[in-house]
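In what follows, a structure is listed as structure tokens, so that the remarks can point back to it.
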Amino acid sequence: MLISLLTGFAAGALHVVGGADHLVAMAPMSLNRPVQALRSGLAWGVGHAAGVVVLALMTLLIKDLAHLEAMSAWAEWFVGVSLLVVGTLAIRTAFGLELHTHEHHHDGERQHRHLHLHVRGQSNHRRHAHAASGLGLLHGLAGASHVLAVIPALALPPLGAVIYLLAYLGGSIAAMLLVAAALSMLTQRTGARCLPVLVGVTGGLSILTGMIWLQKTSATVF
Numbered sequence: 026m027l028i029s030l031l032t033g034f035a036a037g038a039l040h041v042v043g044g045a046d047h048l049v050a051m052a053p054m055s056l057n058r059p060v061q062a063l064r065s066g067l068a069w070g071v072g073h074a075a076g077v078v079v080l081a082l083m084t085l086l087i088k089d090l091a092h093l094e095a096m097s098a099w100a101e102w103f104v105g106v107s108l109l110v111v112g113t114l115a116i117r118t119a120f121g122l123e124l125h126t127h128e129h130h131h132d133g134e135r136q137h138r139h140l141h142l143h144v145r146g147q148s149n150h151r152r153h154a155h156a157a158s159g160l161g162l163l164h165g166l167a168g169a170s171h172v173l174a175v176i177p178a179l180a181l182p183p184l185g186a187v188i189y190l191l192a193y194l195g196g197s198i199a200a201m202l203l204v205a206a207a208l209s210m211l212t213q214r215t216g217a218r219c220l221p222v223l224v225g226v227t228g229g230l231s232i233l234t235g236m237i238w239l240q241k242t243s244a245t246v247f
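Counting from 1, position 152 in the sequence shown corresponds to residue 177 in the working numbering; the numbering is continuous, with no gaps.
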């Protein structure tokens with residue numbers, strides 16, 4: 026059982042970290058305060074896990090009826106579209122970032138200032154979580170790698186198979202949380218003044234990856 030747990034967790038984590046489209050798509054959402062970045066990472070991980078579960082169940086239960094290849098191809102195409110959207114929104118956000126300072130006074134301490142960043146017209150961060158979970162769902166449905174991840178579970182006893190699949194999902198969620206945390210910490214270390222540039226660069230990378238992704242998948246879909 027321990028082997029099933031460790032193998033599944035490692036497979037899920039490596040799948041997330043090894044996917045350039047995963048990292049590029051989440052980067053613009055992770056260049057934020059740690060709590061918000063972790064929230065986006067968790068939302069992506071949960072959405073991704075849901076997509077994997079749907080694809081795995083269809084593979085195991087109705088594989089003869091469901092057109093998995095067609096569904097996966099369309100999901101991959103929509104991943105490319107979503108990367109373009111995420112990149113465009115990131116660049117728009119980069120131009121809308123406002124940098125200003127706040128003065129703080131503490132008892133017995135000298136006056137000091139803190140830098141703060143805000144996005145014009147943005148007051149609700151729940152949309153980021155919804156967007157991240159939807160993006161994760163698309164990534165979970167896209168590609169045949171998740172089907173391959175289910176294959177080891179077929180050779181295991183029922184309990185071992187369940188443990189393997191749950192560990193796979195847990196590993197993918199944990200990996201994206203770590204990625205989001207690392208990107209957020211990078212933002213904090215480089216300073217708030219660099220954030221507009223980082224957001225713009227990751228947005229540009231997202232658009233570039235989306236264009237390559239669409240060129241790669243359009244021949245299969247159309």
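Glycine is no exception: its CB is placed at the ideal position from the N, C-alpha and C atoms.
Treat the numbers as computed from the prediction; the structure is a model and nothing was measured.
Inter-residue spacing [alpha-carbon to alpha-carbon] between residue i and residue j
i           : j           : result
residue 200 : residue 67  : 10 Å
residue 34  : residue 236 : 31 Å
residue 113 : residue 226 : 11 Å
residue 55  : residue 223 : 11 Å
residue 64  : residue 183 : 33 Å
residue 160 : residue 32  : 26 Å
residue 111 : residue 244 : 23 Å
Simplified DSSP assignment, three categories, for residue i
i           : result
residue 241 : helix
residue 26  : coil
residue 142 : Its pLDDT being 46, under 50, residue 142 is placed unreliably by the model, and the measurement read from it follows with that caveat. Strand at residue 142.
residue 247 : coil
residue 58  : coil
residue 181 : coil
Assumed close pair residue i, residue j - CB separation to whole angstroms, cut-off 8 Å
i           : j           : result
residue 163 : residue 62  : Between residue 62 and residue 163 the Cβ distance is about 20 Å, and since that is not below 8 Å, they are no contact.
residue 196 : residue 38  : 4 Å
residue 72  : residue 192 : So it is not a contact: roughly 18 Å between Cβ atoms.
residue 228 : residue 116 : 4 Å
residue 102 : residue 246 : 5 Å
Residues near residue i by beta carbon distance below 6 Å, same chain, minus five either side
i           : result
residue 248 : Outside the shown range of the chain (26 to 247) lies residue 248, about which nothing can therefore be said.
Chain-order list of residues whose beta-carbon lies under 8 Å from that of residue i (same chain, five-residue window excluded)
i           : result
residue 108 : 46, 49, 50, 231, 232, 234, 235 and 238
residue 213 : 59
Same chain, Cβ closer than 7 Å to residue i, neighbours up to 5 away in sequence not counted
i           : result
residue 181 : 29 and 189
residue 105 : 235, 238, 239 and 242
Closer than 9 Å to chain D by CB, residue i
i           : result
residue 161 : Among the chains of the structure shown, chain D does not appear; only one protein chain is present.
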